[in-house]
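J.: Under this note's numbering, the letters of the sequence shown match residues 800 to 1080, in that order.
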Amino acid sequence: MHGADPHLVLGLHRSRHHRDILTAALDLGVTALDTAAPYLGFRSHAVLAETAADLLPKFALSTKVGFFPSAGGAEHSLDPVRLRLAVERAARELGREPDTVLLHNPERSLAGLSTPDGRTLLGNACAALADAARDGLCGAWGVASWDTRSLEMVQVDDLPSPDLLMVRAGFLVGIDLLDAINVLRTAWQPGETWGMSPFGGGHRKVWEEIDPRPFLRPLHEDLSRTQAAFRVSFHLPSASAMAVGTDDPGHLAQLVQTLGAEVDTAAVSQYLRALHGHRQS
Ligand SMILES: NC(=O)c1ccc[n+]([C@@H]2O[C@H](COP(=O)([O-])OP(=O)(O)OC[C@H]3O[C@@H](n4cnc5c(N)ncnc54)[C@H](OP(=O)(O)O)[C@@H]3O)[C@@H](O)[C@H]2O)c1
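#1: In this structure, how does DSSP classify PRO879 when only helix, strand and coil are distinguished?
#2: So for TRP1106, helix, strand or coil by DSSP?
#3: For PHE1029, collect the residues of the same chain with a Cβ closer than 6 Å to its Cβ; drop the 5 residues on either side in sequence, then sort them by chain order.
#4: Looking at the secondary structure, which residues open and close the alpha helix (DSSP H) in which LEU821 lies?
#5: I'd like the list of long-range same chain contacts for VAL880, defined as Cβ closer than 7 Å, with 5 residues on each side in sequence excluded.
#6: Considering only C-alpha positions, which residue in the set ASP898, ARG818 and ALA831 is nearest to ASP853?
#7: Pick helix, strand or coil for SER1068, following the three-state DSSP scheme.
#8: Please report the Cβ distance between ASP1063 and PHE1014, rounded to the nearest whole angstrom; I am assuming they are in contact, meaning their Cβ atoms lie under 8 Å.
#9: To which residues of the same chain is THR914 closer than 7 Å at the C-beta, ignoring the five residues directly before and after it?
#10: Between which two residues does the alpha helix (DSSP H) carrying PHE866 extend?
#11: Using a threshold of 7 Å, is the CB atom of ALA851 nearer than that to any non-hydrogen atom of ligand 1?
#12: If contact is defined by three or more beta carbon pairs under 8 Å, each pair taking one atom from either stretch, is the segment 967-979 in contact with the segment 882-897?
#13: Quick check on ALA1073: buried or exposed, where buried means 16 or more other Cβ atoms within 10 Å of its Cβ?
#14: Looking only at its chain, what residues have a beta carbon closer than 8 Å to the beta carbon of ALA851, apart from the 5 residues adjacent to it on each side?
#15: So, at 8 Å on beta carbons, what are the nonlocal neighbours of LEU958 in its own chain, with the 5 sequence-adjacent residues on each side left out?
#16: Bridge partners for SER919 per DSSP, in chain order?
#17: Taking all protein chains shown into account, decide if THR1045 is buried (16 or more other Cβ within 10 angstroms of its Cβ) or exposed.
#18: Cβ of LYS863 within 7 Å of any heavy atom in ligand 1?
Below, the structure is given as structure tokens:
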């Protein structure tokens, strides 16, 4: 499955939420949209419903819960009651049940806890989302984690297994985190893995110094370095879909254009071996 039919998810983390990028996405065949309760200053759901209610049914829609408005801006919580209310609120604000609801960066509430305490907290939060999916408040549930290392530490083996795990992806992710993601996946067995943030939210100058095109097979001289970096991100780690952000329909078209390119997985393996070797030396 991984890489066989790569799938682009338009992520709204940094988006202005203008209607034109949503219509451009649909025109390009991009039918998956990822947002979160706190995006756009906690207004993402409401603004989508206000400006694009007619478009939303055309997308598979994922959102995230776990951050809540607070006096200081946002606070994180894995309280199952608050999570349940947040899922209900998301459906209300969006005017439809999301296809997937993800636990948003659960590591934020796990730092510093003992393994048993962390496991109980995370397990109850997962159970709250699994119950919400069972009750029809969303189609499926999952976990989105920027840094999976504390999830691995709470030993997830016997916790409910998510339908979807969303993790950082691409050349800007260090080998320690890539390894941790793979350990977590082996232990937790999520139904699907999606990558996110393949450009680390920006960092355009990196691609002036590094050319990822040799990782494509055959070489695609028609594709830019940025396009190649995006396509290879589906293999760092292996993921069936990639959540990427853009407000520029031209950029989105460039990303869609890469989906048919093939990645040289032997070159990716060699790259990972080199990173492991460098770490040991
Ligand atoms: N913990 C979490 O749950 C979490 C955390 C981070 C991200 N995410 C998910 O991942 C999505 C993407 O993350 P992100 O937006 O932070 O990072 P990203 O996708 O790595 O980077 C977005 C940036 O890349 C630029 N870009 C996109 N396509 C380009 C192209 N073809 N050429 C040149 N530049 C291009 C965009 O600029 P332009 O607008 O100018 O194209 C934008 O500034 C989020 O929206 C969200 O869905 C989830």
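All C-beta atoms in this analysis are idealised placements derived from N, C-alpha and C, irrespective of residue type, glycine included.
None of the values given here were measured: they were computed from a predicted structure.
T.: In short:
#1: helix
#2: The structure shown does not extend to residue 1106, since the chain spans only 800 to 1080, so no value can be given for it.
#3: PRO997, LEU1054 and THR1057
#4: 818-826
#5: none
#6: Closest option to ASP853, judged by alpha-carbon separation, among ASP898, ARG818 and ALA831: ARG818.
#7: helix
#8: 6 Å
#9: MET952, VAL953 and GLN954
#10: Not the alpha helix (DSSP H): PHE866 falls in the beta strand (DSSP E), residues 866-869.
#11: No, the beta carbon of ALA851 sits no closer than 7 Å to any heavy atom of ligand 1.
#12: no
#13: exposed
#14: By the criterion of a C-beta distance shorter than 8 Å, ALA851 is surrounded in its chain by ARG818 and LEU821, once the five residues flanking it on both sides are discounted.
#15: ARG918, LEU921, GLY922, CYS925 and TRP987
#16: Looking at the sequence shown, residue 919 is not Ser but Thr. Answer is none; THR919 lacks a bridge partner.
#17: THR1045 should be labelled buried.
#18: Because some heavy atom of ligand 1 lies under 7 Å away, the Cβ of LYS863 counts as near it: yes.
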